[in-house]
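Numbering (the numbering used here), first residue to last: 36 to 477.
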Ligand code: UDX
């Protein structure tokens, strides 16, 4: 099939590459000329393991191209996929400005029958608005479908090539066969439904996963008080197939470009029809509070934080990405600086992105994890990167001013901690080392 993908953010670029990988002819369009030039030179604007090799292979095979010419791309395609951003407005509502602009441009470019699919996460009813906007611009026949995207950053290509399910929302049943065939090389788990339900499935799925995380984080807070171990509790709970083992890792909460935005948008969607989504409001509040656990634990072990030196391991909102959008690290770093701490920051790939968002004279940027720990009064692990899991923790005692490790993602096992000589605090697990008696820095 000839496909135009409008928007080369995470969703658009990855979808375009994966449709090309499956043998379609794809042209990815963006109005940002610099981005398109970089892509034409096979440089990816996003960090995603393996992405450039996939791009190169498909460009060389003549299946994938990049352009800023939306009109030409639409005219050369049977399927037009809209994958532009829907950032949050101050109210939490999704900003549909980019979607609406693109819909009008697509309408003006139409030269024959097209299918227009939305992959951006959009509030219920948006696809119908897109239909109206396009219809105002063209007499050509077209259909609207909603095909929400469920990929995760860091494993986006594999998630897209091997999805758990594909949801297709449509109202013209004649399209079902062609769209199912297009997607059948990805999975046989294809669920065809109406457009409004497809739009809701995306929000409901993200809200449910966010709920699982806030739920286990609250359980972890209770575990700390009653002496249970949240990692054991999660394993025991997960054995029930109705609960399942995934998304029960307690820590400092979720971040990223989806969960924070989509939970707030769903609260707004409900509010707009006079429904108060109480449960989801609590999920958001619990998530916000959970970030400050690290600071509470630092205060418990060090007393006060003024004039202390704190090493930070990990800045991205999760491993295998350089994305720091809504990352817990941003709030934690700002709060620590306001409490008078000096910080030594290290992340394997996200330091540049973090520095663009936040920089301060109290921050020292470090080249590796051990450098960030050197002379520190405590180290806080905020992102569960594999390289942190593999560190020889016994080295820390020689490097650090005070041997305190706060593990915000529960990455270390008892065995790794035992014998390392550290005072170790994690989330919702009984402390395996004696509590630390703070030393006062002169
Ligand atoms: C998420 C959804 O998983 C994906 O389906 C959707 O399309 C976009 O949003 P993503 O934001 O890339 O994907 O990351 P994900 O792996 O889901 O993690 C989100 C956040 O939750 C991260 O900050 C992660 O650290 C946190 N998390 C995840 C936990 O704190 N505990 C868990 O058990 C799982």
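The beta-carbon is built from N, C-alpha and C at its ideal position, and this holds for glycine as well.
This structure is a prediction, so every number in the text was calculated from the model and none was measured.
Classify residue i as buried or exposed, calling it buried when 16 or more other Cβ atoms lie within 10 Å of its own Cβ.
{"i": "residue 85", "result": "exposed"}
{"i": "residue 275", "result": "exposed"}
{"i": "residue 325", "result": "buried"}
{"i": "residue 408", "result": "buried"}
{"i": "residue 147", "result": "exposed"}
{"i": "residue 391", "result": "exposed"}
{"i": "residue 212", "result": "exposed"}
{"i": "residue 291", "result": "buried"}
{"i": "residue 394", "result": "exposed"}
{"i": "residue 463", "result": "buried"}
{"i": "residue 204", "result": "buried"}
{"i": "residue 278", "result": "exposed"}
{"i": "residue 295", "result": "buried"}
{"i": "residue 207", "result": "exposed"}
{"i": "residue 477", "result": "The predicted position of residue 477 is uncertain, since its pLDDT is 47 and thus under 50; a value taken from the coordinates is nonetheless stated next. The residue is exposed, with fewer than 16 neighbouring Cβ atoms inside 10 Å."}
{"i": "residue 52", "result": "buried"}
{"i": "residue 262", "result": "exposed"}
{"i": "residue 226", "result": "exposed"}
{"i": "residue 78", "result": "exposed"}
{"i": "residue 96", "result": "exposed"}
{"i": "residue 448", "result": "exposed"}
{"i": "residue 222", "result": "exposed"}
{"i": "residue 197", "result": "exposed"}
{"i": "residue 267", "result": "exposed"}
{"i": "residue 465", "result": "exposed"}
{"i": "residue 68", "result": "exposed"}
{"i": "residue 142", "result": "buried"}
{"i": "residue 353", "result": "buried"}
{"i": "residue 451", "result": "buried"}
Do residue i and residue j have their CB atoms nearer than 8 Å?
{"i": "residue 155", "j": "residue 234", "result": "no"}
{"i": "residue 413", "j": "residue 432", "result": "no"}
{"i": "residue 310", "j": "residue 347", "result": "no"}
{"i": "residue 191", "j": "residue 445", "result": "no"}
{"i": "residue 350", "j": "residue 359", "result": "yes"}
{"i": "residue 128", "j": "residue 339", "result": "no"}
{"i": "residue 298", "j": "residue 242", "result": "yes"}
{"i": "residue 378", "j": "residue 372", "result": "yes"}
{"i": "residue 89", "j": "residue 56", "result": "yes"}
{"i": "residue 289", "j": "residue 236", "result": "no"}
{"i": "residue 119", "j": "residue 39", "result": "no"}
{"i": "residue 336", "j": "residue 471", "result": "yes"}
{"i": "residue 189", "j": "residue 43", "result": "no"}
{"i": "residue 436", "j": "residue 404", "result": "no"}
{"i": "residue 300", "j": "residue 158", "result": "yes"}
{"i": "residue 117", "j": "residue 72", "result": "no"}
{"i": "residue 132", "j": "residue 101", "result": "no"}
{"i": "residue 422", "j": "residue 383", "result": "yes"}
{"i": "residue 330", "j": "residue 370", "result": "yes"}
{"i": "residue 318", "j": "residue 245", "result": "yes"}
{"i": "residue 64", "j": "residue 41", "result": "yes"}
Should residue i be listed as close to the ligand GTP, given that the test is whether its C-beta is under 7 Å from any heavy atom?
{"i": "residue 116", "result": "As presented, the structure is devoid of the ligand GTP, carrying the ligand UDX as its sole ligands."}
Quick test of your reading: residue i and residue j, contact by CB under 8 Å. State the CB separation rounded to the nearest angstrom.
{"i": "residue 417", "j": "residue 363", "result": "6 Å"}
{"i": "residue 151", "j": "residue 169", "result": "6 Å"}
{"i": "residue 230", "j": "residue 162", "result": "5 Å"}
{"i": "residue 461", "j": "residue 442", "result": "4 Å"}
{"i": "residue 187", "j": "residue 224", "result": "With 8 Å as the limit, residue 187 and residue 224 do not qualify as a contact, their Cβ atoms being about 17 Å apart."}
{"i": "residue 399", "j": "residue 321", "result": "With 8 Å as the limit, residue 399 and residue 321 do not qualify as a contact, their Cβ atoms being about 32 Å apart."}
{"i": "residue 144", "j": "residue 110", "result": "6 Å"}
{"i": "residue 105", "j": "residue 140", "result": "5 Å"}
{"i": "residue 228", "j": "residue 50", "result": "So it is not a contact: roughly 20 Å between Cβ atoms."}
{"i": "residue 494", "j": "residue 341", "result": "Here the chain has residues from 36 to 477 only, and residue 494 is not among them."}
{"i": "residue 165", "j": "residue 108", "result": "That belief does not hold up - the Cβ atoms of residue 165 and residue 108 are roughly 17 Å apart, past 8 Å."}
{"i": "residue 36", "j": "residue 210", "result": "12 Å between Cβ atoms; not a contact."}
- For the ligand UDX, enumerate in chain order all residues having a CB closer than 5 Å to any of its heavy atoms. One residue list follows from the rule of a beta carbon closer than 5 Å to any heavy atom of the ligand UDX, given in chain order as 185, 187, 188, 248, 282, 284, 286, 289, 290, 291, 293, 352 and 353.
- Item | Continuous beta strand (DSSP E) assignments of at least 3 residues falling wholly in the segment 114–180 | For the segment 114–180, whole beta strand (DSSP E) runs of length 3 or above, ordered along the chain, are 114–117 and 149–153.
- List in chain order: all unbroken alpha helix (DSSP H) runs of 4+ residues lying wholly within the segment 289–316. For the segment 289–316, the continuous alpha helix (DSSP H) assignments of 4+ residues that do not extend past its boundaries occur at 294–307, in sequence order.
- Query: At which residue ranges does the segment 322–362 contain complete beta strand (DSSP E) runs of 3 or more residues, listed in the order of the chain?
  - Reply: Annotation: the segment 322–362 contains the following complete segments of the beta strand (DSSP E) (minimum length 3 residues), in chain order: 344–348.
- Which full runs of the beta strand (DSSP E) of 3+ residues lie inside the segment 42–124, going along the chain? Here the runs fully enclosed are 60–64, 99–102 and 114–117.
- Query: Quick one: complete beta strand (DSSP E) runs, 3+ long, within the segment 214–247?
  - Reply: You should have 225–228.
- Message: Ignoring anything shorter than 3 residues, give me the beta strand (DSSP E) runs that lie fully in the segment 358–405, in order along the chain.
- Response: Entirely contained in the segment 358–405, the beta strand (DSSP E) runs reaching 3 residues are, in chain order, 377–381 and 398–400.
- Message: Threshold first: 4 residues or longer. Then list the alpha helix (DSSP H) segments lying entirely within the segment 185–219, N to C.
- Response: Those alpha helix (DSSP H) runs which fall completely within the segment 185–219 and span 4+ residues are 191–196 and 211–218.
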